[in-house]
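Chains as they are written, first to last, in the numbering used here: chain A, 1 to 102; chain B, 103 to 316.
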């Protein structure tokens with residue numbers, strides 16, 4: 001097994017943080033764009049870029065509600081995203097175990 | 103940002119860095135997004151202990167019983183206000199920006215508690231107005247907060263998808279204290295609720311993290 005077996009969409013620092021943060025929410029919960037940005041520490045532009053890639057892959061959903069000052073964009077991890085993170089975590093642990101001295 | 107990890111778009115990383123991010127981001131998200139239940143339980147445990155304790159101090163030795171003194175009622179109201187404000191602050195900090203099912207559940211829980219306590223208080227006033235003995239009115243007033251909280255905790259367990267052992271245990275404990283303690287008579291009932299009820303909530307504050315993990 002090599003690093004290539006890790007999901008390339010998740011195996012990027014910023015996107016790994018995003019997916020892990022969203023995975024801490026319970027099923028049916030979402031997180032506002034601004035709170036996610038605070039927790040990840042990315043600029044809005046960078047966060048939008050990463051979210052778009054994750055959304056295209058079906059790992060997250062974004063939803064905009066309200067108008068003007070009351071507008072809110074919420075982000076949630078999809079079932080596919082949770083499955084992909086579980087698979088990524090399992091593969092990463094196997095790689096770390098095989099890399100560590102016996 | 104932490105661990106000196108490059109956050110540029112699509113910057114690569116090795117498996118060690120990925121392991122660090124996975125652990126740190128997961129810990130941080132769980133820490134920041136979770137409502138600090140041990141803190142809330144400790145607050146309400148202390149309020150229960152002090153509130154019932156203060157009321158007991160003001161009615162002990164009364165023959166016949168004529169109810170708690172004004173200074174005791176003012177103290178209890180002040181304690182409740184402090185606890186409510188602290189609870190609102192702790193919950194708001196954790197759930198800021200979080201939307202969905204759990205937020206609606208929390209709102210329903212708070213509403214059910216408030217409506218339940220107010221409804222029982224109105225009922226107790228009606229009982230008093232109908233000419234019930236002061237001792238009986240005191241007994242009902244002491245039982246009301248624990249009975250309502252116990253029932254709401256158990257009801258909220260029923261609507262939760264997964265088994266919440268701390269919530270279930272606390273609900274059962276409060277109902278047991280409220281129902282069994284009443285046999286001790288109104289004045290003794292007060293310190294039973296203070297020590298066994300408040301003590302139980304404080305014990306749950308200490309045990310909650312371990313029970314949640316199990």
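Ideal placement from N, C-alpha and C gives every residue a C-beta, glycine not left out.
(message) Could you pull the DSSP bridge partners for residue 104/A from this structure?
(response) One cannot answer for residue 104/A here, as it falls past the ends of chain A, which runs 1 to 102.
(request) Just list the alpha helix (DSSP H) runs in the segment 227-313 of chain B, keeping only unbroken ones of 4 residues or longer that don't cross its boundaries, in chain order. (result) Complete alpha helix (DSSP H) runs here, min 4: 236-261, 267-282, 288-294.
(message) Tell me which residues share the same chain as residue 57/A and place their Cβ nearer than 7 Å to its Cβ, disregarding the 5 neighbours each side in the sequence.
(response) Answer for residue 57/A: 9, listed in chain order.
(message) Residues of the segment 30-43 of chain A in Cβ contact with chain B at a cutoff of 7 Å, in chain order, please.
(response) Under the 7 Å Cβ criterion, the segment 30-43 of chain A contributes 30, 31, 32, 34, 35, 39, 41, 42.
(message) Nearest by alpha-carbon distance to residue 239/B: which of 251/B, 196/B, 284/B, 201/B is it?
(response) With distances taken between CA atoms, residue 239/B lies nearest to 284/B out of 251/B, 196/B, 284/B, 201/B.
(request) Pair every Cβ in the segment 30-47 of chain A with every Cβ in the segment 209-223 of chain B, then say whether three or more of these pairs are closer than 8 Å. (result) No: fewer than three Cβ pairs fall under 8 Å.
(request) Answer yes or no: does any C-beta atom of chain B fall closer than 7 Å to that of residue 91/A? (result) For residue 91/A, no Cβ of chain B is located within less than 7 Å of the residue's own Cβ.
(message) DSSP has residue 31/A in a bridge; who is on the other side?
(response) 75/A, 200/B, per the DSSP bridge assignment.
(request) Identify each residue in the segment 17-31 of chain A for which the Cβ-Cβ distance to at least one residue of chain B is less than 7 Å, and report them in chain order. (result) Within the segment 17-31 of chain A, the residues whose Cβ lies closer than 7 Å to some Cβ of chain B are 17, 20, 21, 24, 25, 26, 28, 29, 30, 31, listed in chain order.
(request) Rounded to whole angstroms, what's the CA-CA distance from residue 80/A to residue 23/A? Just pull it up for me. (result) Their Cα atoms are separated by approximately 11 Å.
(request) For residue 84/A, name the three-state secondary structure that DSSP assigns. (result) Here DSSP, grouped into helix, strand and coil, assigns residue 84/A to helix.
(request) Can you grab the Cα-Cα spacing for the pair residue 156/B / residue 182/B, in whole Å? (result) Cα to Cα, residue 156/B sits roughly 13 Å from residue 182/B.
(message) Would residue 202/B and residue 55/A qualify as a contact pair, given that the criterion is a beta-carbon distance under 7 Å?
(response) Their beta carbons are not under 7 Å apart, which means residue 202/B does not touch residue 55/A by this criterion.
(message) At the level of alpha carbons, what is the spacing between residue 270/B and residue 255/B?
(response) For residue 270/B and residue 255/B, the distance between alpha carbons rounds to 7 Å.
(message) Does residue 167/B come out as helix, strand or coil in the three-state DSSP assignment?
(response) Reduced to three states, the DSSP call for residue 167/B is coil.
(message) Please identify the residue among 78/A, 70/A, 13/A whose C-alpha is closest to the C-alpha of residue 34/A.
(response) Cα-wise, what sits closest to residue 34/A is 70/A.
(message) Taking 7 Å as the limit between beta carbons, can you name the residues of its chain near residue 312/B, skipping five residues before and five after?
(response) Closer than 7 Å at the Cβ level, and outside the excluded window around residue 312/B, lies no residue.
(request) Give the range of the alpha helix (DSSP H) segment to which residue 26/A is assigned. (result) Note, residue 26/A: premise wrong, no alpha helix (DSSP H); not H, not E.
(message) Considering only the alpha carbon of each residue, which of 39/A, 68/A, 90/A, 99/A lies closest to residue 199/B?
(response) Among 39/A, 68/A, 90/A, 99/A, the Cα nearest to that of residue 199/B belongs to 39/A.
(message) Just verifying my parser: in three-state terms, what is the DSSP assignment at residue 391/B?
(response) One cannot answer for residue 391/B here, as it falls past the ends of chain B, which runs 103 to 316.
(message) When you compare the CB positions of residue 174/B and residue 145/B, do they come within less than 7 Å of one another, or not?
(response) Result no, Cβ atoms of residue 174/B and residue 145/B do not sit closer than 7 Å.
(message) Give me the chain B residues within the contact set of residue 3/A, using Cβ-Cβ distance strictly less than 7 Å, ordered along the chain.
(response) Per Cβ cutoff of 7 Å: 117.
(request) With a threshold of 16 other CB atoms inside 10 Å of the CB of residue 319/B, please say whether the residue is buried or exposed. (result) Any answer about residue 319/B is impossible in this case: the structure gives chain B only from 103 up to 316.
(request) Verify whether the separation of the beta carbon atoms of residue 6/A and residue 90/A is less than 7 Å. (result) With respect to the 7 Å criterion, residue 6/A and residue 90/A are not classified as neighbours on the basis of their beta carbons.
(message) One question on the structure: do residue 128/B and residue 20/A come within less than 7 Å of each other, judged by their Cβ atoms?
(response) A contact, by the Cβ cut-off of 7 Å.
(request) Could you run through the segment 184-207 of chain B and flag, in chain order, every residue whose CB is less than 9 Å away from some CB of chain A? (result) Taking 9 Å as the Cβ-Cβ cut-off against chain A, the residues of the segment 184-207 of chain B that qualify are 198, 199, 200, 201, 202, 203, 204, 205.
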